[in-house]
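For the record, in the sequence shown the residue sitting at position 159 is 260 according to this note's numbering, with numbers rising by one throughout.
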Amino acid sequence: MSSSGRMRLLVFVWLSLFGLGVAQAEEPLPPEQAFRLSARMLDAQTVLVRYDIVRGYYMYRDKFAFEAPPAALGAPELPAGTPKDDPIFGPVQIFRDRVEIQIPIEHAGAVPDVLRLKATSQGCADLGICYPPQEQTLALKLASLGTASADGAAGSGFVTAAGAAPGAPASEESSILALLGGGSFWWIVLSFFGFGVALA
Numbered sequence: 102m103s104s105s106g107r108m109r110l111l112v113f114v115w116l117s118l119f120g121l122g123v124a125q126a127e128e129p130l131p132p133e134q135a136f137r138l139s140a141r142m143l144d145a146q147t148v149l150v151r152y153d154i155v156r157g158y159y160m161y162r163d164k165f166a167f168e169a170p171p172a173a174l175g176a177p178e179l180p181a182g183t184p185k186d187d188p189i190f191g192p193v194q195i196f197r198d199r200v201e202i203q204i205p206i207e208h209a210g211a212v213p214d215v216l217r218l219k220a221t222s223q224g225c226a227d228l229g230i231c232y233p234p235q236e237q238t239l240a241l242k243l244a245s246l247g248t249a250s251a252d253g254a255a256g257s258g259f260v261t262a263a264g265a266a267p268g269a270p271a272s273e274e275s276s277i278l279a280l281l282g283g284g285s286f287w288w289i290v291l292s293f294f295g296f297g298v299a300l301a
């Protein structure tokens, strides 16, 4: 990470700690509650993915990724987001309230009865906490389009994800964001001094 990038990260952590100190009573939601994922088959070649986003939270437009081996997926069709000057990622686009994404399916060989879709996403809370990337998996039945599988229903044939698993941190930045998202205030303060030494 460059020195300027480290300085931006340092400033962001300080701002996050300030926000945590002021609003300790306002505990952040678990990511699977803040960003509720569901999906359904529109037809045999298209998946509709929906994220319902709790008020006070937002998701990054460029942090979505999807895969469903052995099927190959086309490029996700994302709507335009709202511009935001992010303290870590710079100029980005974000989503609030709800976002729906259509994903084309390019089947390789025989069409499976169940499409297992792995969705990766990342978001933040307005109170100054960002979550690490989250991975969730949904099972979508291709044999009965428009109906939900045994994994759970969200109405209108939508299948819900059972939970979220944090992705593996790939950098100093990811480790700090993960800590901010899941640690207690004083543990974050103590750990921050360690990060500060490492970033110096």
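All residues carry an ideal CB built from backbone N, CA and C; glycine is no exception. Quantities reported herein were computed from a predicted structural model and do not represent experimental measurements.
- Inclusion of F167 and A220 in the CB contact set at 7 Å is warranted, their separation being smaller than that value.
- If you ignore the 5 residues before and after K185, its C-beta comes within less than 6 Å of the C-beta of V193 and I195, all in its own chain and listed in chain order.
- Rounded to whole angstroms, Q134 and M142 show a C-alpha spacing of 23 Å.
- In terms of Cβ geometry, R151 and E201 form a close pair [threshold 7 Å].
- Straight across, the Cα-Cα distance linking P131 with E178 is about 27 Å.
- Scanning the region 141 to 200 from its first residue to its last, the whole beta strand (DSSP E) runs of 3-plus residues come out as 147 to 154, 158 to 161, 166 to 168, 183 to 187 and 191 to 196.
- D227 places its beta carbon less than 7 Å from that of G157.
- DSSP places E236 within a strand segment (E or B) once states are collapsed to three.
- Of D163, A172 and E128, the smallest CA-CA separation from P205 is found for A172.
- Judged by DSSP secondary structure, A135 falls within the alpha helix (DSSP H) whose first and last residues are P132 to A135.
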